[in-house]
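Asks: Residue numbers (the working numbering), protein chains in the order written: chain A, 32 to 243; chain B, 172 to 381.
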Amino acid sequence: MNLLGTWIAAGLTIAILSFLYRDNPFYKFAEHLFVGVSAGYWVIYIWAFDVQPMLVDEFLRQVGIEKWLLVIPAVFGLMMMARWFPAAAWVSRWPISFTVGIAAGLALTAQVQGYIIPQIQATLLPVVSIGATTAETVGQSINNIVILVGVICALLYFYFSREHKGALKVGSKIGIVFLMIGFGASFGYTVMARISLLIGRLTFLLQVFGLR
Amino acid sequence: MKRDIPLIITFLTGFLCVIAFFIPHPPFGDLQQRFLVWYAIVAGFTMILGLDSLVKYNVKKITQHKPGWQYSYVLLFGLALVLVTGFQSWFKYNTPFELRSSFMYSYIHIIVPLQATMFALLAFFISSSAYRAFRARTFEATLLLIAAAIVMLGRVPIGEMISDKIPLRSDWLLNVPQLAAKRGIQVGVYLGGVVMSLRIILGIERTYLT
Numbered sequence: 032m033n034l035l036g037t038w039i040a041a042g043l044t045i046a047i048l049s050f051l052y053r054d055n056p057f058y059k060f061a062e063h064l065f066v067g068v069s070a071g072y073w074v075i076y077i078w079a080f081d082v083q084p085m086l087v088d089e090f091l092r093q094v095g096i097e098k099w100l101l102v103i104p105a106v107f108g109l110m111m112m113a114r115w116f117p118a119a120a121w122v123s124r125w126p127i128s129f130t131v132g133i134a135a136g137l138a139l140t141a142q143v144q145g146y147i148i149p150q151i152q153a154t155l156l157p158v159v160s161i162g163a164t165t166a167e168t169v170g171q172s173i174n175n176i177v178i179l180v181g182v183i184c185a186l187l188y189f190y191f192s193r194e195h196k197g198a199l200k201v202g203s204k205i206g207i208v209f210l211m212i213g214f215g216a217s218f219g220y221t222v223m224a225r226i227s228l229l230i231g232r233l234t235f236l237l238q239v240f241g242l243r
Numbered sequence: 172m173k174r175d176i177p178l179i180i181t182f183l184t185g186f187l188c189v190i191a192f193f194i195p196h197p198p199f200g201d202l203q204q205r206f207l208v209w210y211a212i213v214a215g216f217t218m219i220l221g222l223d224s225l226v227k228y229n230v231k232k233i234t235q236h237k238p239g240w241q242y243s244y245v246l247l248f249g250l251a252l253v254l255v256t257g258f259q260s261w262f263k264y265n266t267p268f269e270l271r272s273s274f275m276y277s278y279i280h281i282i283v284p285l286q287a288t289m290f291a292l293l294a295f296f297i298s299s300s301a302y303r304a305f306r307a308r309t310f311e312a313t314l315l316l317i318a319a320a321i322v323m324l325g326r327v328p329i330g331e332m333i334s335d336k337i338p339l340r341s342d343w344l345l346n347v348p349q350l351a352a353k354r355g356i357q358v359g360v361y362l363g364g365v366v367m368s369l370r371i372i373l374g375i376e377r378t379y380l381t
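#1: Answer yes or no: do A:I133 and B:F206 have a C-beta to C-beta separation smaller than 7 Å?
#2: Taking only three categories from DSSP, how would you classify B:D342?
#3: For chain B, find out if any of its Cβ atoms is closer than 7 Å to the Cβ of A:V222; answer yes or no.
#4: Whose CA, out of A:A119, A:S160, A:K59, A:A79, lies closest to the CA of A:N175?
#5: Hey, is A:I176's beta-carbon within less than 7 Å of any beta-carbon in chain B?
#6: Find the nearest neighbour of A:L156 within the set A:S172, A:E167, A:L137, A:E89, judged by alpha-carbon distance.
#7: Among A:A79, A:A105, A:A135, which one has its Cα closest to the Cα of B:Y165?
#8: Could you give the distance in angstroms between the alpha-carbon of A:F107 and the alpha-carbon of A:A120?
#9: Which of helix, strand or coil does DSSP assign to A:Q93?
#10: Kindly give me the distance between the Cβ atoms of A:M85 and B:I212, rounded to whole angstroms, as I take these residues to be in contact under 8 Å.
#11: Could you name the residues of chain A that B:I219 contacts, counting a contact when the two beta carbons are closer than 9 Å?
#12: May I ask you to list, following chain order, the residues of the region 201 to 215 of chain B that have a beta carbon less than 9 Å from some beta carbon of chain A?
#13: Kindly confirm or deny that the region 300 to 320 of chain B and the region 213 to 224 of chain A touch, where touching means at least three C-beta pairs closer than 8 Å.
#14: Below 8 Å, how does it come out for the region 141 to 156 of chain A and the region 352 to 369 of chain B: are there three or more Cβ pairs, yes or no?
#15: Measure the beta-carbon distance from A:L187 to A:G206 and round it to whole angstroms, keeping in mind my assumption that it falls under 8 Å.
#16: Would you say B:E331 lies against chain C (beta-carbon separation less than 7 Å)?
#17: List the residues of chain B that A:P126 touches, going by C-beta distances under 7 Å, in chain order.
#18: Check whether the region 225 to 233 of chain B and the region 241 to 252 of chain B touch, using three or more Cβ-Cβ pairs below 8 Å as the test.
#19: Taking any Cβ of chain A, which residues in the region 262 to 292 of chain B have a Cβ under 9 Å from it, in chain order?
#20: What does the Cβ neighbour count give for A:R124, buried or exposed, with the cut at 16 atoms within 10 Å?
#21: If you follow the alpha helix (DSSP H) that B:Q235 is in, where does it begin and where does it stop?
#22: Taking B:R354 as the query, report the chain A residues whose CB atoms sit under 7 Å from its CB, ordered along the chain.
#23: Considering Cα atoms alone, identify which of A:Y52, A:I147, A:W73, A:A40 is closest to B:L362.
#24: Give the interface partners of B:K173 over in chain A, defined as CB-CB distance under 8 Å, in chain order.
#25: Beta-carbon within less than 7 Å of B:S243's beta-carbon, same chain only, minus the 5 sequence neighbours each way: which residues are those?
#26: Short of 8 Å Cβ to Cβ, which residues in the region 240 to 257 of chain B face chain A?
#27: How many angstroms separate the CA atom of A:G241 from the CA atom of B:K237?
#28: Report the option in B:Q241, B:F274, B:E331, B:G185 whose CA atom is closest to the CA atom of B:G257.
#29: Counting only beta-carbon atoms, is A:L91 nearer than 7 Å to chain B?
#30: So, is the C-beta of A:A135 closer than 7 Å to a C-beta in chain B?
#31: Going by the CB atoms, is the gap between A:R243 and B:T288 shorter than 7 Å?
#32: Examine the Cβ distances between the region 274 to 283 of chain B and the region 51 to 68 of chain A and report whether three or more of them are shorter than 8 Å.
#33: Which whole-angstrom value is the C-beta distance of A:D81 and B:G215, which I expect to be below 8 Å?
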């Protein structure tokens, strides 16, 4: 069975890579298969890790008010299905509002506490950082200044409430320098990650065909 | 009923989440956690809608013989295969994620190679787009080109063979200027997220109801 699985994997890998030549039926076959199996996989995954343990198992396990409180998300979940009936489709707005409200409420507090404040804290670094050696002191201090200036200038670049002239123009110009270096570095990193994946697939094919 | 009640639900759930954050004691103490569980359950049900939409679209494509309708059979076959093996494995092993199960067999031998190769394929498209983006026509494009070239060279052995400083410069670029740029963007995005959340809770932003 494992041998068959390996050959299926090799065949599908080649089918996807065949797109490099041109769009063809083998690629389309693999592409549609990918969409189908992925959708099926996520249905099973969400049912197994969300709905089953959080709703079904919990409903059977809990007693009293805790048990019946679970009816609320279950009813909201079923109300989503109202979209199947055009006349009652508006009912699905209730669970949508519920999820949007939760997401907004959590985002409001969690984003401030979990992202904005830690990011600002990590930026407010000492501009003179004493290290073990002079080189370390200079290096660390330069890095801290670069981070501080970079974050402020990158934010200035996205500040559109005032016309970019004078000091704001200088700040935003420095900001675009940081943004371009940042995009370039991210781009290079992403390319290498994809190349690494490609090497992995080619190594797999070489192993399947006994060439490695 | 159709518009006001959804707005009230959004306001109440959002407001209670904020209250629970500032008053972490009964009856609000575990409210955020409880809402997160409820959120996951409701989101789980939406998978049924997604599945229904996918099946309907492809069945329609087959019945109306739209271009590429034959491939819809492949999609539906793949979907049915994974669902059948998933539930079969669930009944047999009490979990679909048992390594010996047919569900995991299809995951390892179909989904993993397809997904990895799809992402690997992007390497070629990124390279071709890089060719267009990296033409150093302006000062900014030159910066982009140099930063990307140093990072790419710093990630492979040939970079170290050219100069042992290249990997160090690559790490510096990633850890200092890139970090600063990314942080500037992220702070802006999160501040925008906070403003948007406030607008949603207060009922100013209502596009999700359309």
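C-beta: ideal position from N, C-alpha, C; glycine also.
Replies: Once the coordinates are examined:
#1: yes
#2: helix
#3: yes
#4: Taking A:N175 as reference, the option from A:A119, A:S160, A:K59, A:A79 with the minimal CA-CA separation is A:S160.
#5: no
#6: A:S172
#7: Outside the displayed range of chain B (172 to 381) lies residue 165 of chain B, so it cannot be described from this structure.
#8: 13 Å
#9: coil
#10: 5 Å
#11: Neighbours of B:I219 on chain A, chain order: V74, G108, M111, M112.
#12: Q203, R205, F206, L207, V208, W209, Y210, A211, I212, V213, A214, G215
#13: Output reads yes: the region 213 to 224 of chain A touches the region 300 to 320 of chain B.
#14: yes
#15: 5 Å
#16: Considering every chain present, this structure includes no chain C. Its protein chains are A and B.
#17: V213
#18: Contact between the region 225 to 233 of chain B and the region 241 to 252 of chain B is present, with at least three C-beta pairs closer than 8 Å.
#19: Per Cβ criterion, the list reads T266, P267, F268, F274, Y276, S277, Y278, I279, H280, I281, I282, V283, P284, L285, Q286, A287, T288, M289, F290, A291, L292.
#20: Buried: at least 16 other Cβ atoms inside 10 Å.
#21: Taken as a continuous stretch (DSSP letters only), B:Q235 belongs to no alpha helix (DSSP H), as it is neither H nor E.
#22: Q150, T154, V182
#23: A:I147
#24: Listed by position along chain A, the residues whose Cβ is nearer than 8 Å to that of B:K173 are W121, R124.
#25: N229, K232, I233
#26: Y242, S243, V245, L246, L247, F248, G249, L250, A251, L252, V253, L254, G257
#27: Their backbone Cα atoms lie some 42 Å apart in a straight line.
#28: B:F274
#29: Answer no: the Cβ-Cβ gap between A:L91 and chain B never drops below 7 Å.
#30: With 7 Å as the cut-off, A:A135 counts as an interface residue toward chain B.
#31: Taking the C-beta atoms as reference points, A:R243 is found no nearer than 7 Å to B:T288.
#32: yes
#33: 4 Å
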